[in-house]
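Undergrad:
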Amino acid sequence: MGYQVLIDDNFHYQDESERVKHGVFATPEEAVAACRSIVDEYLSGAFKPGMTADALFESYTMFGEDPFVVPDSPGAAPVKFSAWDYARQRCVEIAAS
Numbered sequence: 000m001g002y003q004v005l006i007d008d009n010f011h012y013q014d015e016s017e018r019v020k021h022g023v024f025a026t027p028e029e030a031v032a033a034c035r036s037i038v039d040e041y042l043s044g045a046f047k048p049g050m051t052a053d054a055l056f057e058s059y060t061m062f063g064e065d066p067f068v069v070p071d072s073p074g075a076a077p078v079k080f081s082a083w084d085y086a087r088q089r090c091v092e093i094a095a096s
């Protein structure tokens with residue numbers, strides 16, 4: 000069984016034609032790690048010195064990528080990961096550093 004990471008574009012919210020496939024991973028943990036990396040890459044590039052966590056999160060929700068995990072097997076349990084929740088947490092950490 001594999002776990003696909005798909006990416007929606009927050010700039011084109013709910014436009015599935017903008018969805019891209021990032022890759023297939025052997026475990027849900029690897030897939031979630033890939034999702035986190037995608038979010039972290041955007042946040043580190045968007046952060047400017049003095050930027051607040053709220054401003055960084057707003058930038059992410061407007062322009063960042065929203066990765067999620069879909070199991071390849073139809074009966075598999077869904078993988079719990081929210082890119083927005085993860086981004087919110089990371090924005091606080093990044094802005095505080």
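Note that numbering that gives the first Met the number 0 has the sequence shown beginning at 0, numbered continuously upward. Ideal placement from N, C-alpha and C gives every residue a C-beta, glycine not left out. Predicted model, so just to flag it, every value in this text is computed and none were measured.
(1) Could you check the C-alpha separation between Ala54 and Leu42 for me, to the nearest Å?
(2) Between which two residues does the alpha helix (DSSP H) holding Glu17 run?
(3) Under the rule that 16 or more other beta-carbon atoms within 10 Å means buried, what is Ser36, buried or exposed?
(4) Taking the beta strand (DSSP E) that Val68 belongs to, which residues open and close that run?
(5) Nearest by alpha-carbon distance to Ser96: which of Cys34, Phe80, Thr51 is it?
TA: This is what the structure gives:
(1) Straight-line measurement puts the Cα of Leu42 at about 11 angstroms from the Cα of Ala54.
(2) Counting along the chain, Glu17 falls outside any alpha helix (DSSP H), and DSSP gives it neither H nor E.
(3) exposed
(4) 64 to 70
(5) Thr51
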